[in-house]
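Visitor: Sharing a structure here in structure tokens format.
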Amino acid sequence: MSGGFTFVFKGEKGEKKLMEKMRKTYDRMDMLENARDEARACLQQAAERAIKKAELPKPNTEDGKLPDFVVEVPGDASHGDLAANLALVSAKAFGLPPRKIAEAIAAQADTRGMFKKVEVAGPGFLNLFYDDAFFGSIVICACVTGEDYGRTNVGGGEKVNVEFVSANPTGPMHLGNARGGALGDCLAEALAWAGYDVSREFYINDAGNQIAKFGLSLAVRYLQIVRGEENVPFPEDGYQGDDIRERAGEFYDIHGDAFAGKPQEELERALIDYALPRNISDIKEHLARYRIGYDVWFSESALHQSGAVDAVVQKLAEKGATYEKDGAVWYKATEHGGDKDEVLVRANGVPTYFAADIAYHADKFERGFARAIDVWGADHHGHVARMKGALDALGLDGSRLDIVLMQFVRLVRDGEPVRMSKRTGKAITLTDLLEEVPVDSARFFFNMREPGSQIEFDLGLAVAEDSDNPVYYVQYAHARICSILRTLEGEGITLDMPRAFGCANFPVADEERALIRRIAAFPGEVAAAAKGYDSARITRYLIEVATAFHKFYTNCRLKGEEEMLQQARLALCMATKHVIHNGLGMLKVDVPERM
RNA sequence: GCGCUGGUAGCUCAGCUGGAUAGAGUGACUGGCUACGAACCAGUAGGCCGGGGGUUCGAGUCCCUCCCAGCGCACCA
Numbered sequence: 001m002s003g004g005f006t007f008v009f010k011g012e013k014g015e016k017k018l019m020e021k022m023r024k025t026y027d028r029m030d031m032l033e034n035a036r037d038e039a040r041a042c043l044q045q046a047a048e049r050a051i052k053k054a055e056l057p058k059p060n061t062e063d064g065k066l067p068d069f070v071v072e073v074p075g076d077a078s079h080g081d082l083a084a085n086l087a088l089v090s091a092k093a094f095g096l097p098p099r100k101i102a103e104a105i106a107a108q109a110d111t112r113g114m115f116k117k118v119e120v121a122g123p124g125f126l127n128l129f130y131d132d133a134f135f136g137s138i139v140i141c142a143c144v145t146g147e148d149y150g151r152t153n154v155g156g157g158e159k160v161n162v163e164f165v166s167a168n169p170t171g172p173m174h175l176g177n178a179r180g181g182a183l184g185d186c187l188a189e190a191l192a193w194a195g196y197d198v199s200r201e202f203y204i205n206d207a208g209n210q211i212a213k214f215g216l217s218l219a220v221r222y223l224q225i226v227r228g229e230e231n232v233p234f235p236e237d238g239y240q241g242d243d244i245r246e247r248a249g250e251f252y253d254i255h256g257d258a259f260a261g262k263p264q265e266e267l268e269r270a271l272i273d274y275a276l277p278r279n280i281s282d283i284k285e286h287l288a289r290y291r292i293g294y295d296v297w298f299s300e301s302a303l304h305q306s307g308a309v310d311a312v313v314q315k316l317a318e319k320g321a322t323y324e325k326d327g328a329v330w331y332k333a334t335e336h337g338g339d340k341d342e343v344l345v346r347a348n349g350v351p352t353y354f355a356a357d358i359a360y361h362a363d364k365f366e367r368g369f370a371r372a373i374d375v376w377g378a379d380h381h382g383h384v385a386r387m388k389g390a391l392d393a394l395g396l397d398g399s400r401l402d403i404v405l406m407q408f409v410r411l412v413r414d415g416e417p418v419r420m421s422k423r424t425g426k427a428i429t430l431t432d433l434l435e436e437v438p439v440d441s442a443r444f445f446f447n448m449r450e451p452g453s454q455i456e457f458d459l460g461l462a463v464a465e466d467s468d469n470p471v472y473y474v475q476y477a478h479a480r481i482c483s484i485l486r487t488l489e490g491e492g493i494t495l496d497m498p499r500a501f502g503c504a505n506f507p508v509a510d511e512e513r514a515l516i517r518r519i520a521a522f523p524g525e526v527a528a529a530a531k532g533y534d535s536a537r538i539t540r541y542l543i544e545v546a547t548a549f550h551k552f553y554t555n556c557r558l559k560g561e562e563e564m565l566q567q568a569r570l571a572l573c574m575a576t577k578h579v580i581h582n583g584l585g586m587l588k589v590d591v592p593e594r595m
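Residue numbers (the numbering used here): 1 to 595.
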């Protein structure tokens, strides 16, 4: 319970003191949640009073209490600011029609100064309307908390690890990485805003079969340069990308044919040692250009070298979760919810990717993370259950690992599908994408839809799309606000908080109320995005805020308006500016003052 | 065959733990700048929510079944 709201701003002396009071009052910052609690309590007590006064019979439930009910924000503003289904769900308990119950409750409702009225509507909904003062206090809250508006502590400081992209270092990043990067980075940001202690991590797959294949492919390209392409056949399953040729070419430019006579193994080793660090640093650079940075770059090979992989296999064996067959060590996945058992150590003694990944995730929990979130391509979905199961088998609660599965990006150019396979060598890379599409658009676009939906990215459209792009719609709202602020400032008018809060008749327009409702929803939206691992909520929300602002802008004026109302509207503009600034900031999209 | 995702307006997608006449954007059509930025706003048209059963006061939402699409089912990662 929030302890109620006290609307005493009018008599307050001094902005500083006022600010302090505001910060205390709105410590929880999510005023909508507070309002929900207030509404719930208001109705619950009203129902209890009605029973006491025998306006309603005693509820015929097992524990004699009222049934659970929902307080929600109705989609239609004419249904109030909050709506409760208390009367509907307790129809049986009272043995009365819902509308009758609702009327009895509404008659007893003490609106606590927060609500203007409680209305009975439809089949028996109880609709509550905010008092104007509450609308005003939401604006104040957003203004006072400013660049922190939207932060909550629903995460309680829990340590969370978010691993995303983790692109294969054998080649350039593709569109899936672009989507995963935007999604993962924004999710991490939303989690941080919701009060989690977030660490961003990139897992470098610098070991295993694909590195061997990488070495082989490089070696063949190198030998082709030395001996002629027609004299050295390229392996069927090698990496055919041009990037491999380029790396081999660079290596040749440095060493000439000095390595041509060396044993294959030595040649491959030298090529890997040359190319891998360069690929990794390219990945870092390209991600930085995409505005993504990591707290930790975790190397798979380090897990092998430290013996962590062997240790985890050993530990699984001690738990009785393994057996040997055909010379390989198998994990009993079927005993932990899997469809079939999995190989941990091959007959040739080399551990599988799966074994390394178990060791990797075990390591995350050993580093003190309460939760690990991985953003994976949907093609890895088969890996989810067995990964969790393996953690369970180790005695590390596998439910602490959450996987965000991301469907593929179907790339299209002028209506024609473009192959994304690394092996065709024709894949569009992240860098290609960013050459055609601004980072703002790409990051916004990839965060517009839920990870689970497969999306189509039309390159031709993305380039032409500049002014139709929703990101500009949101940015434009911000630029418009800045423009108003500049204009008024030119007339010597700036926001004076105590004065703005002193406006007795505010809000006056429906557009103002609609905008304030959206502003009030911000902390809850961020928290929901964090808890539901759904950063798309934020982009959708920002579009809603921009819409509400544009409507407000066309219907409500500031310039030439009466001073108190002008101040109140100035505060509303400022509140909106903070929301857009903070929201776009989470997406790491620019917040332009002019455009 | 088994499993994971998804199927909502012409197109791209929302729809929160079941709730009030199913919503946006875009495309089509019609209006609105002598007032703070028209990269904007207002209006019209457009729907057996994949099909069929069931659960209940009430289902796009939950259960069963079928159909369709993408993906996965390696001693690859």
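No residue lacks a Cβ here, since even glycine has one placed at the ideal position from N, Cα and C.
(1) Put A121 into one of helix, strand or coil per three-state DSSP.
(2) Starting from N34, follow the alpha helix (DSSP H) in both directions and report where the run begins and ends.
(3) In or out: I428 buried (at least 16 other Cβ within 10 Å) or exposed?
(4) Would you call the CB atoms of G238 and V220 closer than 8 Å?
(5) Beta-carbon within less than 7 Å of N384's beta-carbon, same chain only, minus the 5 sequence neighbours each way: which residues are those?
(6) Could you check which residue in A356, G195, A504 has the C-alpha nearest to that of E158?
(7) Assuming I543 and Y473 are in contact, meaning their beta carbons sit under 8 Å apart, how far apart are those beta carbons, in whole angstroms?
(8) Shorter than 7 Å, the distance from the beta carbon of K116 to the closest heavy atom of the ligand NAP, or not?
(9) Quick check: what's the CA-CA separation for A529 versus E250?
(10) Could you pull out every residue in the same chain whose Cβ sits closer than 6 Å to the Cβ of S421, ignoring the five residues on either side in sequence?
(11) In whole angstroms, what is the alpha-carbon distance linking A182 and D397?
(12) Can you grab the Cα-Cα spacing for the pair A107 / R99, in whole Å?
(13) Count the CB pairs spanning the region 549-565 and the region 119-137 that are closer than 8 Å, and state whether there are at least three.
(14) Which residues in the same chain as A347 place their Cβ atom closer than 8 Å to its Cβ, once the five residues preceding and following it in sequence are excluded?
(15) How many angstroms separate the CA atom of F115 from the CA atom of R40?
(16) By DSSP, does K588 sit in helix, in strand, or in coil?
(17) From C186 to G560, what does the alpha carbon distance come to, in whole angstroms?
(18) For G155, which residues of its own chain have a beta-carbon under 8 Å away from its beta-carbon, when the five flanking residues on both sides are left out?
(19) Report the CB separation of L216 from E268 in whole angstroms; it is logged as a contact under 8 Å.
(20) Near P523, what residues of its chain come up, given a Cβ to Cβ distance below 8 Å and the 5 sequence neighbours on each side ignored?
(21) Rounded to whole angstroms, what's the CA-CA distance from M1 to R291? Just pull it up for me.
(22) If distances are taken between C-alpha atoms only, which option among T576, D496, L488 comes closest to A513?
(23) Let's test the definition: count the other Cβ atoms within 10 Å of the Cβ of K117 and tell me whether it reaches 16, buried, or not, exposed.
(24) I think R180 touches M406, with their Cβ atoms under 8 Å apart; what is that distance to the nearest whole Å?
(25) For A386, which residues in the same chain have their Cβ closer than 7 Å to its Cβ, ignoring the five residues on either side in sequence?
(26) Determine the contact status of N447 and T547, defining contact as a CB-CB distance below 8 Å.
(27) Between G80 and the rest of its own chain, which residues show a CB-CB distance below 7 Å, the 5 nearest in sequence each way excluded?
(28) Excluding the 5 residues preceding and the 5 following D131 in the sequence, name in chain order all residues of the same chain whose CB lies nearer than 8 Å to its CB.
(29) For S535, report the span of its beta strand (DSSP E) as first-last.
(30) Assuming V71 and R36 form a contact by the criterion Cβ under 8 Å, report the distance between their Cβ atoms to the nearest whole angstrom.
(31) Pull up the DSSP beta-bridge partners for K531, would you.
(32) Would you kindly report the start and end of the unbroken alpha helix (DSSP H) that includes D363?
(33) Between L218 and A167, is the Cβ-Cβ spacing less than 8 Å?
(34) Specify, as a first and last residue, the run of the beta strand (DSSP E) that D374 falls within.
(35) Alpha carbon to alpha carbon, how far is V579 from A91? Give it in angstroms, no decimals.
(36) Tell me the DSSP bridge mates of G342?
Guide: Concretely, from the data shown:
(1) For the purposes of this step, residue 121 is taken as residue 121 along the first sequence, with counting starting at 1. Looking at A121 - three-state DSSP - the assignment turns out to be strand.
(2) As a working note, residue 34 is residue 34 in the first sequence. Unbroken alpha helix (DSSP H) run through N34: 31-52.
(3) The residue you call residue 428 lines up with position 428 of the first sequence. Per the 10 Å Cβ criterion, buried.
(4) Start at 1 with the first residue of the first sequence, and residue 238 comes out as number 238. Start at 1 with the first residue of the first sequence, and residue 220 comes out as number 220. Taking 8 Å as the Cβ cut-off, G238 and V220 qualify as a contacting pair.
(5) Looking up residue 384 in the first sequence gives position 384. According to the sequence as given, residue 384 is Val; it is not Asn. Excluding positions up to five away in sequence, the list reads I403.
(6) Within the first sequence, the letter at position 158 stands for residue 158. Among A356, G195, A504, the Cα nearest to that of E158 is on G195.
(7) For the purposes of this step, residue 543 is taken as residue 543 along the first sequence, with counting starting at 1. For the purposes of this step, residue 473 is taken as residue 473 along the first sequence, with counting starting at 1. I543 to Y473, Cβ: 7 Å. Contact.
(8) Questions concerning the ligand NAP fall outside what the structure shown contains, since it holds no ligand whatsoever.
(9) The count along the first sequence starts at 1 and reaches residue 529 at position 529. The count along the first sequence starts at 1 and reaches residue 250 at position 250. Straight-line Cα distance between these residues: approximately 45 Å.
(10) For the purposes of this step, residue 421 is identified with residue 421 of the first sequence, where counting begins at 1. Low per-residue confidence applies at S421: pLDDT is 42, beneath 50, and the placement is therefore not dependable, though the value from the model is reported in the following sentence. Result list for S421: empty, nothing under 6 Å.
(11) Residue numbering aside, residue 182 sits at position 182 when the first sequence is read from its first letter. Residue numbering aside, residue 397 sits at position 397 when the first sequence is read from its first letter. Taking the straight line from one Cα to the other gives about 28 Å.
(12) Here the question's residue 107 lines up with position 107 in the first sequence. Here the question's residue 99 lines up with position 99 in the first sequence. Taking the straight line from one Cα to the other gives about 12 Å.
(13) no
(14) In the first sequence, residue 347 corresponds to position 347, counting from 1. Excluding sequence neighbours, A347 sits near D326, G327, A328.
(15) Taking the first residue of the first sequence as 1, we reach residue 115 at position 115. Taking the first residue of the first sequence as 1, we reach residue 40 at position 40. Computed Cα separation, rounded: 12 Å.
(16) Position 588 of the first sequence, counted from the first residue, corresponds to residue 588. DSSP places K588 in coil when its eight states are reduced to three.
(17) If you number the first sequence from 1, residue 186 lands on position 186. If you number the first sequence from 1, residue 560 lands on position 560. Each residue's Cα considered, the two are about 40 Å apart.
(18) Position 155 of the first sequence, counted from the start, is the residue given in the question as residue 155. Hits under 8 Å: L191, A194, G195, Y196, D197, A530.
(19) Reading the first sequence from its first residue, position 216 is the one you call residue 216. Reading the first sequence from its first residue, position 268 is the one you call residue 268. Right, their Cβ atoms sit about 6 Å apart.
(20) Here residue 523 is taken as the residue at index 523 of the first sequence, counted from 1. If we look at P523 and ignore the five residues flanking it on each side, its Cβ neighbours are M29, D30, M31, L32, E33, Y149, G150, R151, T152.
(21) Counting from one through the first sequence, the residue named residue 1 turns up at place 1. Counting from one through the first sequence, the residue named residue 291 turns up at place 291. Note on M1: pLDDT 26, under 50, position unreliable in the model; the coordinate value appears next. Each residue's Cα considered, the two are about 40 Å apart.
(22) Translated into positions along the first sequence, residue 513 becomes position 513. A quick correction: the sequence has Arg, not Ala, at residue 513. Checking every option, the nearest Cα to that of R513 belongs to T576.
(23) One-based indexing of the first sequence puts residue 117 at position 117. Exposed is the call here.
(24) Start at 1 with the first residue of the first sequence, and residue 180 comes out as number 180. Start at 1 with the first residue of the first sequence, and residue 406 comes out as number 406. Strictly speaking, residue 180 in this sequence is Gly, with Arg absent from that position. Indeed they touch by this definition, with Cβ atoms about 6 Å apart.
(25) Reading the first sequence from its first residue, position 386 is the one you call residue 386. Strictly speaking, residue 386 in this sequence is Arg, with Ala absent from that position. Taken in chain order, the residues that qualify are A333, G338, E342.
(26) Here residue 447 refers to the residue found at position 447 when the first sequence is read from its first residue. Here residue 547 refers to the residue found at position 547 when the first sequence is read from its first residue. In this structure, T547 does not lie closer than 8 Å to N447 by Cβ.
(27) The residue given as residue 80 occupies position 80 in the first sequence. Excluding residues within five positions, the ones whose Cβ falls inside 7 Å are P74, E119, N127, L128, F129.
(28) Position 131 of the first sequence holds residue 131. The answer, listed in chain order, is T111, G113, M114, F115, K116.
(29) Taking the first residue of the first sequence as 1, we reach residue 535 at position 535. Run containing S535: none; DSSP gives neither H nor E here.
(30) One-based indexing of the first sequence puts residue 71 at position 71. One-based indexing of the first sequence puts residue 36 at position 36. Going by Cβ atoms, the distance from V71 to R36 rounds to 5 Å, so yes, they are a contact pair.
(31) Locating residue 531 in the first sequence gives position 531, where the first residue counts as 1. Answer is none; K531 lacks a bridge partner.
(32) For the purposes of this step, residue 363 is taken as residue 363 along the first sequence, with counting starting at 1. It spans 353-366 - the alpha helix (DSSP H) in which D363 sits, taken as one unbroken run.
(33) One-based indexing of the first sequence puts residue 218 at position 218. One-based indexing of the first sequence puts residue 167 at position 167. Their beta carbons are not under 8 Å apart, which means L218 does not touch A167 by this criterion.
(34) Locating residue 374 in the first sequence gives position 374, counting from the first residue. From DSSP, the beta strand (DSSP E) with D374 extends over 371-377.
(35) For this step, residue 91 is matched to residue 91 along the first sequence. For this step, residue 579 is matched to residue 579 along the first sequence. One C-alpha to the other measures close to 41 Å.
(36) Counting from 1 along the first sequence, the entry for residue 342 is found at position 342. Note on identity: in this sequence residue 342 is Glu, with Gly being the wrong assignment. DSSP, once it has assigned bridges, lists Y331 as partnering E342.
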